[in-house]
Structure formats: structure tokens, C-alpha cells
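K.L.:
By the UniProt record's numbering, the letter at position 41 of the sequence shown is numbered 41, and the numbering carries on one by one without gaps.
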Amino acid sequence: MKASSKARAAARLAAVQALYQLDMEATPLAMLLDEFHRHRLGAEIEGDQYAEAEVAFFDAIVQGVDARRDEIDGLLAARLAEGWTLERLDKTMLQILRAGAWELLARADVPTAAAISEYVDVAHAFFEAREAKFVNGVLDAVAKGVR
Numbered sequence: 001m002k003a004s005s006k007a008r009a010a011a012r013l014a015a016v017q018a019l020y021q022l023d024m025e026a027t028p029l030a031m032l033l034d035e036f037h038r039h040r041l042g043a044e045i046e047g048d049q050y051a052e053a054e055v056a057f058f059d060a061i062v063q064g065v066d067a068r069r070d071e072i073d074g075l076l077a078a079r080l081a082e083g084w085t086l087e088r089l090d091k092t093m094l095q096i097l098r099a100g101a102w103e104l105l106a107r108a109d110v111p112t113a114a115a116i117s118e119y120v121d122v123a124h125a126f127f128e129a130r131e132a133k134f135v136n137g138v139l140d141a142v143a144k145g146v147r
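1. In three-state terms, what does DSSP make of Leu98?
2. Taking the beta carbon of Glu25 as the centre, do at least 16 other beta carbons fall within 10 Å, making it buried, or is it exposed?
3. How do the stretch 92-102 and the stretch 56-75 stand: do at least 3 beta-carbon pairs fall below 8 Å, yes or no?
4. Cβ of Val16 within 7 Å of Cβ of Gln95?
5. Shortest alpha-carbon distance to Ile116 belongs to which of Glu128, Leu75, Thr27 and Glu103?
6. How many angstroms separate the CA atom of Arg12 from the CA atom of Arg107?
7. Assuming Ala143 and Val135 make a contact with CB atoms under 8 Å, what is their CB distance in whole Å?
8. Taking the alpha helix (DSSP H) that Val110 falls in, what are its first and last residues?
9. For Asp73, collect the residues of the same chain with a Cβ closer than 8 Å to its Cβ; drop the 5 residues on either side in sequence, then sort them by chain order.
10. Do Phe58 and Ala14 have their CB atoms nearer than 7 Å?
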């Protein structure tokens, strides 16, 4: 994997973590971004070395999801199986889907298959194969609607 791809992958993973924190703790956005810039992106935490992330891409995802949350949530909710709601989803899963949907909506420069594949990889960091397939299915449906 090229360094630029690794930096983007790290940015996506960090963005999902930041969005989770934003959702759970309602940390003001500027404070949250600053915390990630200074303490998380490319840092060593409890012996784990975090990969250097593409900071501008990280910021774009977090700010983009925050700014377009209602639109994104509407797209996602429309693609869940009958009887499912966003509120029923695991909170980390919801952030993965939001970030992926934002990228499909707002970043035409990122190929559809690459964006979906990247968020399936992010899902694998937190979940089993079944949940990763779920991410693939929902984001594929979002992509068909917005691209």
C-alpha cells in the first residue's frame, strides 16, 4: 500500500473514532479536531503507534459528516432493511456508515469501489465479517443512489 493510501486509511479510521466521540460526548467540533491533531493522528498511545493520517482528509470527513448529518442519515435510513432504524445500529457502525456515505456523496475524486472497500476495512477493525458485509451492502446501495 502506498504511503498516501495508508495516510488516507488512517484518516478514515481516525475520523470514525472522532465522529463516535462527537456523537457520544458532544465535544465542540473545533476542540475535537484540535485534540485529534495534537494527540491522536500519528501519535503513540499506550504503546500503540497510530499511522500518520492525511490531516486535511480527516478534517474533511469529520466536518463533512457533521455539516450534512441529516442528509446522510436520511440516505442511510432509506437503505436499511424494513424494521431497522439508525437508532438500532451499533454507535460505531453508524459512524462508519456516515463517513462512508459522506465520502460517496461529497468526494467524486474517490472511486466508488475504493471508498466502499476502505470502509469495509474500517469495519473489520471493530467487527466480524458479517458486519463488514453489512457495511458493504449499505454503502453500495448509497452509491447507486448518489453516483
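Glycine is no exception: its CB is placed at the ideal position from the N, C-alpha and C atoms. Small disclaimer: the values here were computed from a predicted structure and weren't measured.
P.N.:
Answer, in terms of the structure:
1. Per the sequence presented here, residue 98 reads as Arg, with Leu not at that position. Correct three-state label for Arg98: helix.
2. exposed
3. yes
4. The Cβ atoms of Val16 and Gln95 sit closer than 7 Å to each other.
5. Taking each of Glu128, Leu75, Thr27 and Glu103 in turn and checking the Cα distance to Ile116, the smallest one comes out for Glu103.
6. 13 Å
7. Not really, about 12 Å apart at Cβ, beyond 8 Å.
8. Counting along the chain, Val110 falls outside any alpha helix (DSSP H), and DSSP gives it neither H nor E.
9. Taken in chain order, the residues that qualify are Leu86 and Arg98.
10. yes
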